[in-house]
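Numbering (UniProt numbering), first residue to last: 1 to 582.
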Amino acid sequence: MLSAGNYTKKSLKLLGMVALFYASSSHGTQVRVNVEGDHSDLRDNARVFVGEVDGRTADGLRRYAPTAIAQVERSIRALGYYNPVISWEVVESDDELAELILTVEPGQPVTIRTRDVKIEGPGGEDPEFMSQIPAQPAEGDILHHGRYNALRQAIQNRASRLGYFDGEFVTRRLEVDPAQNQSDITLHYRTGERYRLGSVTFLEGHGFDQDLLDRFVTFESGIPFHADEVARLNSDLSNSGYFSGVDIDASPNRAEDGVIPVDIGLTPRPPRSIGAGVGFSTDVGPRLRGNWREHYTNPMGHRRGAETELSELRQNISGWYELPLDPPMTDSLRLGAGYQRENIEDVDSERLTLGQQWRHQLDTGWMQVLSIRWEGERFRIGEEERSNSSLLLPGLSYSKLQADSPLDPSRGYRLQFDVTGAHRAVISDADILHVNVLARGLYTLADNHRFLTRFNFGGVATNSFSDVPPSLRFFAGGDQSVRGYGYETLSPRDANDVSIGGRYQLVGGLEYQYEFVRNWRIAGFVDHGNAVDDVFDPLATGVGMGIRWVSPVGPLRLDIAKGLDEEFGGGWRIHFSMGPEL
């Protein structure tokens with residue numbers, strides 16, 4: 001019988017060096033390992049163990065052969081082959097260095113006869129512990145020392161993650177019978193009692209109200225320890241925008257009677273920041289952006305800021321003041337004001353906005369926003385006289401974003417539903433019900449094949465459409481809408497061929513991307529949609545191809561699109577944009 005000890009630890013480390021071997025194996029190593037049969041894993045691991053050998057004479061290789069054989073034996077034993085037959089020869093040539101060729105017949109592998117894994121103590125009754133024990137290696141599997149080590153490590157890691165800090169293996173044994181090509185795994189782990197999280201103490205020197213900090217703590221004192229709870233608290237504090245440093249001490253060494261006190265040291269960030277940037281899209285052309293933000297104005301964590309954007313077609317400036325609620329990482333009350341001027345196609349408008357938003361994240365993960373805003377808009381459509389609009393617009397919004405990466409996700413979705421309205425009886429010039437629905441999805445197959453789909457529906461109900469300001473009408477076309485058509489050129493037109501905006505918007509798109517090198521993708525797409533007065537009116541179609549670059553600040557997109565419907569102004573267009581795909 002053989003027992004696995006330090007050897008298996010070394011094997012596991014060396015298994016991870018296969019990629020490094022490939023970087024060097026093409027540079028003239030004098031030892032070649034051939035493994036008979038379909039055993040690329042054995043061949044690769046053997047090459048890693050042997051390493052790179054050069055600068056040896058033929059006699060030197062003959063003397064080195066026993067060492068190389070021993071290394072190969074150890075390498076394939078780590079993968080469960082204990083009875084190999086290895087032959088060797090040294091091949092000499094006139095114009096090249098001599099080469100030692102090892103030929104390996106791996107023989108029959110050692111399989112796992114029995115697997116005896118037991119968790120003793122309270123952890124054995126804990127479903128959260130037991131459900132995370134790996135099923136591999138299982139009885140009947142080929143013995144793989146790396147997977148055996150991973151099983152042992154997984155048990156220890158799970159115990160630490162769940163607070164069984166006194167846990168230990170009472171039996172840890174791997175027995176191998178090479179003559180019978182069988183092995184037996186015995187792992188008995190005693191967890192001991194589970195530790196608990198104690199009270200949270202914020203160390204002095206941060207300058208914030210205790211009430212604000214307490215709202216970041218989402219667990220009760222005395223709950224069973226879970227590393228995820230500590231990690232979540234760390235993440236929430238770090239992402240709050242208040243602190244440049246968060247140091248949480250929840251060491252089990254400080255526990256009393258199994259209860260771990262949680263001490264947190266906080267380093268406030270500089271209270272103010274200023275940002276500026278230059279951007280470009282084919283929708284609005286070059287644009288300048290600037291923002292000023294005060295990350296905390298008082299110990300209660302209130303914030304305020306101002307933003308501006310300047311482009312040829314659109315100019316705006318806005319300011320806001322925000323109060324954190326409970327919990328402060330998701331819930332807030334924001335007061336805002338803004339001014340925007342637009343001159344796009346046949347529409348010229350100026351809009352002043354005052355309002356507030358209450359943001360609240362539901363237990364389901366959906367973000368709920370209740371808002372009320374007043375909008376005063378002065379606008380002119382075509383050659384008509386300038387009109388004025390005053391609306392008080394209460395609103396309700398629900399949104400959810402699910403993605404496996406914030407910058408460049410491989411799969412995920414975004415759903416959003418917005419409804420606002422106004423009534424003449426409440427300081428408004430029109431009766432309006434405005435609805436907008438957005439859905440986006442992303443899925444990746446085989447790492448390189450990405451499929452994106454999107455759908456957008458909007459509608460406005462009113463008894464006097466002429467009183468609806470342009471900001472609440474619908475226009476389609478452009479980088480983020482139907483490509484192959486100009487920005488907001490898809491819209492119903494009046495008798496003077498002036499684009500006046502539609503009652504409805506229907507836009508959908510399907511895109512395929514292929515990543516041909518890391519962070520570079522080619523794309524093909526089809527878009528279909530329009531802004532219309534009747535949902536059964538004709539829609540416009542655009543098709544095209546493009547290239548994507550995943551830059552450090554997000555994806556950049558360059559598309560060449562063809563609008564297929566000339567009656568809607570379709571033609572060849574270049575579209576450039578940047579930003580998240582969900």
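Think of the CB as a built atom: it goes at the ideal place given N, C-alpha and C, for glycine as much as any other residue.
All of these numbers come straight from a predicted model, not from anything done at the bench.
Below 8 Å between beta carbons: does that hold for residue i and residue j?
| i | j | result |
| --- | --- | --- |
| L490 | N436 | no |
| residue 589 | L233 | The first residue shown for the chain is 1 and the last is 582, placing residue 589 beyond what the model contains. |
| G198 | P261 | yes |
| W549 | K562 | no |
| G421 | L393 | yes |
| F379 | S390 | no |
| M578 | G546 | no |
| P106 | L42 | yes |
| T297 | R289 | no |
| D404 | Q361 | no |
| V117 | L187 | yes |
| H295 | S281 | no |
| R185 | T114 | Correcting the residue identity first, residue 185 is Ile in this sequence and not Arg. Yes, they are a contact pair. |
| F457 | G501 | no |
| Y189 | F169 | yes |
Output the distance between the C-alpha atoms of residue i and residue j, rounded to the nearest integer angstrom.
| i | j | result |
| --- | --- | --- |
| V33 | L143 | 22 Å |
| P122 | R194 | 7 Å |
| I133 | T364 | 28 Å |
| E309 | L354 | 18 Å |
| G382 | S466 | 13 Å |
| F49 | V91 | 21 Å |
| L558 | R314 | 22 Å |
| Q356 | F225 | 40 Å |
| D263 | A159 | 22 Å |
| R77 | H145 | 8 Å |
| L352 | S240 | 30 Å |
| D447 | R47 | 28 Å |
| S551 | R521 | 12 Å |
| S24 | V53 | At S24, the pLDDT of 36 sits below 50, so the modelled position is not reliable; the number obtained from the coordinates is stated separately. Those two C-alpha atoms are separated by around 10 Å. |
| G301 | Y242 | 8 Å |
| P538 | D565 | 10 Å |
| G124 | L325 | 40 Å |
| F516 | H449 | 10 Å |
Looking only at its own chain, which residues have a Cβ that is under 8 Å from the Cβ of residue i, when we skip the five neighbours before and after it?
| i | result |
| --- | --- |
| T111 | G80, G140, D141, I142, L143, N181, Q182 and S183 |
| G245 | G265, L266 and T267 |
Using three-state DSSP, classify residue i as helix, strand or coil.
| i | result |
| --- | --- |
| Q30 | coil |
| I372 | strand |
| D326 | coil |
| R77 | helix |
| T67 | helix |
| G123 | helix |
| I500 | coil |
| L12 | Because the pLDDT of L12 is 38, which lies under 50, any placement of that residue in the model is unreliable, and the number read from its coordinates should be weighed accordingly. DSSP places L12 in helix when its eight states are reduced to three. |
| E256 | strand |
| P286 | strand |
| G571 | coil |
| A138 | coil |
| L143 | coil |
| L335 | strand |
| D565 | coil |
| V543 | strand |
| R303 | strand |
| N45 | helix |
Return the chain-ordered list of same chain residues with a C-beta closer than 6 Å to the C-beta of residue i, the five sequence neighbours on each side being excluded.
| i | result |
| --- | --- |
| R319 | The question names Arg, but residue 319 in the sequence shown is Gly. Around G319: A306 and A337. |
| E312 | G285 |
| L151 | P134 |
| G441 | Y413 and T453 |
| V498 | D346 and G382 |
| G484 | G542, A561, K562, G563, G570 and R573 |
| Q402 | G412 and Y413 |
| Q71 | F49 and V50 |
| P109 | G80, Y81 and I142 |
| D527 | V482, R483, G509 and G542 |
| V31 | V50, V53, A68 and L100 |
Would you say the beta carbon of residue i is closer than 7 Å to some non-hydrogen atom of the ligand GTP?
| i | result |
| --- | --- |
| L352 | Here there are no bound small molecules, and the ligand GTP is not part of this structure. |
If I'm right that residue i touches residue j with Cβ under 8 Å, what's the distance once you round it to whole angstroms?
| i | j | result |
| --- | --- | --- |
| G258 | R196 | 6 Å |
| I86 | E99 | That pair is no contact at about 16 Å. |
| P299 | D236 | The Cβ separation is near 18 Å, so there is no contact. |
| W366 | S410 | Contact flag wrong, Cβ pair sits at about 23 Å. |
| A461 | L433 | 4 Å |
| G279 | N291 | No, G279 and N291 are not in contact; Cβ-Cβ is about 13 Å, not under 8 Å. |
| N463 | D431 | 6 Å |
| V535 | L506 | 7 Å |
Using a Cβ-Cβ cutoff of less than 7 Å, which residues in the same chain neighbour residue i once the five nearest sequence positions on both sides are dropped?
| i | result |
| --- | --- |
| H39 | P106 |
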